[in-house]
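Keeping their order, the protein sequence lines are chains A and B.
For the first sequence, this note's numbering begins at 2 and goes up steadily by one.
For the second sequence, this note's numbering begins at -19 and goes up steadily by one.
C-beta atoms are modelled at their ideal positions from N, C-alpha and C, and glycine is treated no differently.
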Amino acid sequence: MSEYFANIFYGLKSFAEGLQLTMRHFRNRKDLVATLQYPHEKWPIEDRHIGFPLEEYNIIRSRLNVDIDDCIGCLQCERACPVDCIKIETIKPPKGSDFDCGITSNGTKMKMLVARFSIDMTECMFCNLCTFPCPEDCIYMVGGPNSSKHEIEYEYASRDRESLIFQFANPSESDVLAVGGENYLRAKAGLPPLAPEVPVKPVETVSTATEKPTPTAGEPDVKVLNGITDRMVRATAKKAFMAAARGGSDLAAIAKSIQAALEEAGKFTDEAKAVLDSLAVTQTPTPVTVNEVSSEAKPDIKTLNVLEDKMVRGMAKKIFMAESRGGKSASEMVDAILAGLKEADKLTPETEAVVRQLAPEVPVSTPKPSAPVTDFNVKVLNGIEDRMTRGLAKKAFMAAQREGKSASEIIQTVQTALSEADKLTDDVKTLLLSIGGDKA
Amino acid sequence: MSTKPHIDQSLVKTEEMVLNMGPQHPSTHGVLRLKIHTDGEVVSKIEPIIGYLHRCFEKHCEHLGYEQIVPFTDRCDYIASMHMNHGYALAMERLMGIEVPPRVEYIRVIVGELQRIASHLVALGTFGLDIGAITPFTWMIRDRERILDLFENLCGARLLYNYIWVGGVSHDLPEKFIRRTKEFIDYFTPQMDEFDQLLTFNKIFIERTADVGILPPDVAINYGVTGPSLRGSGVKWDLRKDEAYSAYPELEFDVPVGTGKMGSVGDCWDRYWVRMLEMRESVRIIDQALKSIPDGDVRAAVPKKVRPPKGSVYSRFETARGEIGYYIISDGKNIPVRLKMRSPAFCNLSVISEIAEGWMISDLIAILGSLDIVLGEIDR
Ligand code: SF4
Ligand code: SF4
């Protein structure tokens, strides 16, 4: 009998003990919990937890890294990649410009600005083929023998795909502009490229107000400083220029800040002074006209950045882009944006005020460059099937265009070049005639 | 045994049952579906259904530069990637007439034999696992890990190496590689005896595999079976000997064949035993190669641009699973016109319907395991 009760007692006791234990774990005591809430919590990574000491590896396939300051934009790595997950975009400074792209740590002079260098690590298969051809050794797998350049990274897991697309190049907008990448920025913003300056300069027709037509009418132009011959001085001056221009100063103020910067560096030579004077003089007389022309010609999407609500801003920008692609004038654009916002029931008075800033009080329709001329670009040659022929034709085309020849002359040049190389097939001839025909 | 008298057999209706084994089945070693017609527990017909891992390897190659194909060959037989690299490099070198420096040949043989051990360890481990022996699997994976560490030391990757290039290898051996490989061999040789004790001569294992799934040599040859599965049937055919390439002519080793030690020639146990013996031979080869490896520049013969002349080549190579063949047609450009791969595991799998019919379902698992297939290579 007593054994019977003892058993019952023992059963109850063990039950209570078990429950007690469970309760103890319930109180979220970190030291008792075995589950790790990855990725919010992680085990610490020890210095060395794979096979051998890190420096004894030939290489470790962990993650790609690019020392973008050393990258000369030669695209060798992009070409080597079997899955095309490296994307590079470069901007070459136009001929005659002396934008300083810098020097790599191997002493190679860079010839272009790398505007974009992205590697999609979700596509990368870690084959390591891209690292071999790099002439500057600036793309490499981190860790192992490259630990001195970048420490090893074992995990870079993430919750969204975007953060696995590594962007290595991030040039400032002013750098891109200085190197002549206006069209690059426009393409990024979804705008059509500026019409090619040859053969007709559309800007000239607009800016009759200014005596001396500068390439971009009235906008402070860093190129003026190219008159300074000493390289160091020029660089300092340009830097000051860009800083001041970003701050929105007018030309006189810019000139002043450049002077200050140069003086500080003890570089204010007579020559620099002369150039600065000319800068202030040429631009000051007609600041008002200039401003009017520029704001008239190009309503600036950045105006919309003042909008606080993200949704509204996004919507407004979208309409802006669509309209500007359609080549609408500023006032038409404003109307379209307002209508769009109203439809979505997002139109507050403040928003309206901001949007109206896009167009000045008296809207003047923007003169557009004459269509046929802009249409006539090298793309018309893409109809040529044979790759060699196409390349040849394009080359001749570009050369002729640079010389400022007219459309029919360009066609003529292309034709001659092809027939010289014995590549002028009937197909190509017909194609050339068809373009030449309706443009002539 | 006699049937119970009170059942009138004429009233019992029996019919074949069709069973799907896979595509997600632990013992199919990948994504393979076997459509099995069963009569009770006996397999009467098998249809292997493949293609779940098809990645258009051959077509894809027609859009890749010759150098860029190498990492994709890795992904065919991912258990023995070095062999896939090597086979491709060999084909390209024959097409382009490249003479490879002796050091490279030795390195290739060393990593190739290490890879063969690693691959056989997986094959034998999972074979044991399939028929219920769990411990040997963990032991074998443990030892394979050491080889993977060596490979990582060598080229930074543990599975898909992209190491053997056309004309050379991507990296020279790291400083301590030779010493470490020696250490590994010294460690591994007694391990193989332990495996024998634990699995090879285990009575249950022998009962499950000996005399099961007998593959007669003539059937094997007719189906194009190669590698250890063919040698298990007693056919002495090994490309390393019979069409010696790389540094193999200078090295001494035997080609083990199945002898029917536990049952009859060509049964599952023989196929297992051949792999076991091959690991010992591999150790022998590595040992010799480490001793006589010459100096030299491993990238000396790597062409700047791989641009073979017009023409075509068919080249075969002995991988851990059998004969891999690459047929490459070049028109003188930097990408191939056509690349055809002969996959050993594909032919080895095709024989299954011949040899597994009439065996029980549980024996089918053993037979499939003994053929050592890799689906990445069958489907490509
Ligand atoms: S490692 Fe291979 S896949 Fe990855 S970016 Fe480099 S070349 Fe491309
Ligand atoms: S190969 Fe090197 S230098 Fe050339 S683009 Fe790539 S990272 Fe830059």
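What residue range does the beta strand (DSSP E) around residue i cover?
i	result
P28(B)	22 to 29
Q168(A)	166 to 168
R296(B)	291 to 298
M1(B)	-3 to 1
I140(A)	140 to 142
Hey, could you find the ends of the alpha helix (DSSP H) residue i is sitting in?
i	result
H17(B)	That residue, H17(B), is in no alpha helix (DSSP H); its beta strand (DSSP E) goes 13 to 19.
S330(B)	324 to 330
Y86(B)	82 to 110
V67(A)	From DSSP, V67(A) is part of no alpha helix (DSSP H) but of the beta strand (DSSP E) over 65 to 67.
I265(B)	248 to 271
I127(B)	115 to 135
F133(A)	Premise fails: F133(A) is in no alpha helix (DSSP H) and is neither H nor E.
D166(B)	157 to 175
F53(A)	Unbroken run through F53(A): none, as it is neither H nor E.
H63(B)	61 to 76
S209(B)	208 to 211
H26(A)	3 to 27
What whole-angstrom Cβ distance do residue i and residue j have, given they're in contact under 8 Å?
i	j	result
D247(B)	T189(B)	7 Å
R83(B)	H66(B)	15 Å between Cβ atoms; not a contact.
L433(A)	Q416(A)	6 Å
R360(B)	R35(B)	7 Å
L33(B)	L348(B)	Contact doesn't hold; Cβ gap of about 16 Å is too wide.
A300(B)	A269(B)	That belief does not hold up - the Cβ atoms of A300(B) and A269(B) are roughly 17 Å apart, past 8 Å.
D343(B)	G193(B)	7 Å
Y306(B)	S295(B)	6 Å
N142(B)	L55(A)	Wrong, their Cβ atoms sit about 21 Å apart, outside the cutoff.
Going straight from the alpha carbon of residue i to that of residue j, what length do you get?
i	j	result
A116(A)	V67(A)	14 Å
S295(A)	S332(A)	Confidence at S295(A) is low in this model, with a pLDDT of 40, below 50, so its placement is unreliable and the value that follows should be read with caution. S295(A) and S332(A): Cα-Cα distance of roughly 15 Å.
E73(B)	M172(B)	36 Å
E351(A)	M334(A)	17 Å
C82(A)	E298(B)	29 Å
T169(B)	F131(B)	19 Å
P288(A)	E90(A)	Low per-residue confidence applies at P288(A): pLDDT is 39, beneath 50, and the placement is therefore not dependable enough to give any value.
S292(B)	L75(B)	7 Å
S258(A)	L114(A)	26 Å
P364(A)	L339(A)	Low local confidence applies: a pLDDT of 41 at P364(A) is under 50, so the model's placement there is unreliable, with the coordinate-based value given in what follows. In a straight line, the C-alpha of P364(A) is about 16 Å away from that of L339(A).
S119(A)	F167(A)	5 Å
Y11(A)	I353(B)	56 Å
K285(B)	G144(A)	29 Å
I69(A)	K150(A)	12 Å
G28(A)	S15(A)	Just to set this straight, residue 28(A) is Arg in the shown sequence, not Gly. Their backbone Cα atoms lie some 21 Å apart in a straight line.
V245(B)	I59(B)	27 Å
A394(A)	A401(A)	11 Å
Y157(A)	P45(A)	14 Å
V1(A)	L305(A)	Outside the modelled stretch of chain A, which goes from 2 to 441, sits residue 1(A), for which no answer is possible.
C139(A)	Q260(A)	38 Å
G45(B)	L12(B)	31 Å
R62(A)	I104(A)	28 Å
I335(B)	F326(B)	15 Å
M2(A)	L22(A)	31 Å
G207(B)	E261(B)	14 Å
E187(B)	R160(B)	38 Å
C135(A)	K221(B)	40 Å
R403(A)	I92(A)	18 Å
Q177(B)	P116(B)	10 Å
A69(B)	A98(B)	21 Å
According to DSSP, residue i sits in a beta bridge with which residue or residues?
i	result
K39(B)	Paired residues: none, contrary to the question.
R117(A)	E90(A)
R318(B)	I309(B)
K221(B)	According to DSSP, K221(B) bridges with nothing at all.
E303(B)	E298(B)
Q4(B)	V11(B)
G148(B)	W145(B)
K285(B)	None; K285(B) has no bridge partner.
I104(A)	K110(A)
M340(B)	V22(B)
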